[in-house]
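A short write-up of the structure that comes next.
In the numbering used here, the protein residues as written are -3 to 91.
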């Protein structure tokens, strides 16, 4: 099961994120999403767990938990939405 975790401290690294979920079951991957321009955390990440029951328990127990002084949000990850092709909206500006 793929899990979405948001409102993470900017200091959280992949290994930290993996550690939060390791108590609930086997974590196959944990990735904090980084900004490609600044190389800083965007404050969210994804965790993959092999056992759906363990993943659901982790979601239930960690959603709203205080981690590094922040209340994290934990949900089942939704598939990435397709973005329409074309120019970005800012390119239509007259200025």
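From the three backbone atoms N, C-alpha and C, an ideal C-beta is built for every residue, glycine too.
Whether residue i touches residue j by CB criterion (8 angstroms)
| i | j | result |
| --- | --- | --- |
| residue 54 | residue 20 | yes |
| residue -1 | residue 30 | no |
| residue 6 | residue 39 | yes |
| residue 8 | residue 59 | no |
Opening and closing residue of the beta strand (DSSP E) in which residue i lies
| i | result |
| --- | --- |
| residue 27 | 23 to 30 |
| residue -1 | -2 to 2 |
| residue 41 | 37 to 45 |
Cβ shell of residue i (< 8 angstroms), same chain only, five flanking positions each side left out
| i | result |
| --- | --- |
| residue 13 | 1, 4, 26, 27, 28, 41, 43 |
Start-to-end residues for the alpha helix (DSSP H) that takes in residue i
| i | result |
| --- | --- |
| residue 15 | 10 to 18 |
| residue 76 | No alpha helix (DSSP H) holds residue 76; DSSP gives it neither H nor E. |
| residue 94 | Here the chain covers residues -3 to 91 and nothing more, so residue 94 does not appear. |
Residues near residue i by beta carbon distance below 7 angstroms, same chain, minus five either side
| i | result |
| --- | --- |
| residue 48 | -3 |
| residue 104 | Past the boundaries of the shown model lies residue 104; the chain is included only from -3 to 91, so the question cannot be answered. |
Top-ranked residue by Cα proximity to residue i, from the options
| i | options | result |
| --- | --- | --- |
| residue 68 | 50, 57, 35, 76 | 57 |
| residue 70 | 33, 51, 76 | 51 |
| residue 37 | 76, 10, 24, 15 | 10 |
Cβ-based neighbour list, residue i, same chain, cut-off 6 angstroms, excluding 5 preceding and 5 following
| i | result |
| --- | --- |
| residue 66 | 3, 5 |
Check: residue i C-beta below 7 angstroms from any heavy atom of the ligand COA
| i | result |
| --- | --- |
| residue 45 | The model on display carries no ligand, and the ligand COA is accordingly not part of it. |
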